[in-house]
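Colleague: For reference, the structure I am asking about is given below.
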Amino acid sequence: MKTLREMASLTGLSYDYIRKLCLEGRIVHIKTGKKYLVNYDRFIDFLNTGE
Numbered sequence: 813m814k815t816l817r818e819m820a821s822l823t824g825l826s827y828d829y830i831r832k833l834c835l836e837g838r839i840v841h842i843k844t845g846k847k848y849l850v851n852y853d854r855f856i857d858f859l860n861t862g863e
């Protein structure tokens with residue numbers, strides 16, 4: 813599991829765009845307090861398939 817900032821750094825996408833995907837429910841994530849955690853492998857699958 814990676815934070816949104818870590819995901820942004822690894823993928824080259826913006827923090828705000830990844831956060832927007834979380835808020836829209838388009839990517840699976842866990843929210844702990846104010847922090848969002850995203851599974852890296854599932855996120856890459858989402859980027860490749862759009863699902």
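Position 16 of the sequence shown, counted from 1, bears residue number 828 in the working numbering, the numbering being contiguous throughout. Ideal Cβ placement from N, Cα and C applies to all residues, glycine included. Computed from a predicted model, the values in this text were never measured in an experiment.
1. Which value, in whole angstroms, describes the spacing of the CA atoms of threonine 844 and glutamate 818?
2. Need the endpoints of the alpha helix (DSSP H) that isoleucine 839 sits in, please.
3. Do you know how far the Cα of leucine 816 is from the Cα of tyrosine 829?
4. Does the separation of the CB atoms of leucine 849 and isoleucine 842 fall below 9 Å?
5. Where glutamate 863 and arginine 854 are concerned, what is the direct C-alpha to C-alpha distance, given to the nearest angstrom?
Modeller: In short:
1. 16 Å
2. No alpha helix (DSSP H) holds isoleucine 839; DSSP gives it neither H nor E.
3. Approximately 10 Å, taken between the alpha carbons.
4. yes
5. 10 Å
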